[in-house]
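First residue of the sequence shown: 18, per my numbering; consecutive thereafter.
For glycine and all other residues, C-beta sits at the position ideal for the given N, C-alpha and C.
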Amino acid sequence: TDTAAAIPLGLEPKAGDELKQPPRDPRVGLLFPGLILRIAFLAGMMGVGVFLVFRWAEARMPVEEARTLAFCTMVTFEWFRAFNARSDEHTVFELGLFRNRYLVAAIAVAVCLQLSVIYLPFAQIPFNTVPLSLGQWGIALAAGGSLFVIEETRKLIAPRLFSFGKWAPVKWRHSASRAKQN
């Protein structure tokens, strides 16, 4: 379901401050250290969130429901992450929550596809899902929304937290070179 958001993210309207940012050094790759840390942070949160929801659900409901709830939690994380991914430093509220109409449409399609996998009997079979209650959806959406809240809060408090190595190559100091200096 996150594939549907990839192209609309490429069509994101400009934030307006592009000319205020320093030019990127041509030696800096697409994956710079700060971005790798951000990916690890978000993936870690998603993994822990899905695991906790599954463990909680497994103790309270049949395993089929717990599995479906974990699956839906993972998908809702992706929906919210798509909105977070619009900018590394600007909140979605600064950019305009619904400004990227293509992303909103892609998420709407993803929601419809997810609902069909959960509620249409012919689609349940290959995905091994069962219908969820409204309360169970509330759990999945709350877990997915937690990532959104944390990442948007991070952008408000420390917008450049994950910019390490974005503008210039990182010069790593090796322990061998430090030993020579002493």
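Check	Outcome
Determine contact between the stretch 100-111 and the stretch 170-180, defined as no fewer than three beta-carbon pairs at a distance below 8 Å.	yes
If you follow the alpha helix (DSSP H) that residue 81 is in, where does it begin and where does it stop?	80-101
Given 8 Å as the limit, is there contact between the stretch 148-167 and the stretch 87-97, that is, 3 or more CB pairs closer than that?	yes
Please determine if the stretch 138-153 and the stretch 75-92 are in contact, where contact requires at least 3 C-beta pairs separated by less than 8 Å.	yes
For residue 164 and residue 59, which I take to be in contact (beta-carbon distance under 8 Å), what is that distance rounded to the nearest angstrom?	7 Å
What does the alpha-carbon distance come out to for the pair residue 170 and residue 98?	13 Å
Taking the C-alpha atoms as reference points, what is the distance between residue 78 and residue 131?	21 Å
Please report the distance separating the alpha-carbon of residue 134 from that of residue 152.	18 Å
On the premise that residue 187 lies in contact with residue 40, defined as a C-beta separation below 8 Å, what is that separation, rounded to the nearest angstrom?	At roughly 17 Å, the Cβ-Cβ gap does not stay under 8 Å, so residue 40 and residue 187 are not in contact.
At what residues does the alpha helix (DSSP H) containing residue 113 begin and finish?	Per DSSP, residue 113 belongs to no alpha helix (DSSP H) and is neither H nor E.
What are the boundary residues of the alpha helix (DSSP H) that includes residue 125?	118-136
DSSP state of residue 143, grouped into three classes?	helix
Let me know if residue 114 comes out buried or exposed under the rule of 16 or more other beta-carbons within 10 Å of its beta-carbon.	exposed
Since residue 62 contacts residue 167 with CB under 8 Å, what's their CB separation in whole angstroms?	7 Å
Is the beta carbon of residue 140 closer than 7 Å to that of residue 42?	no
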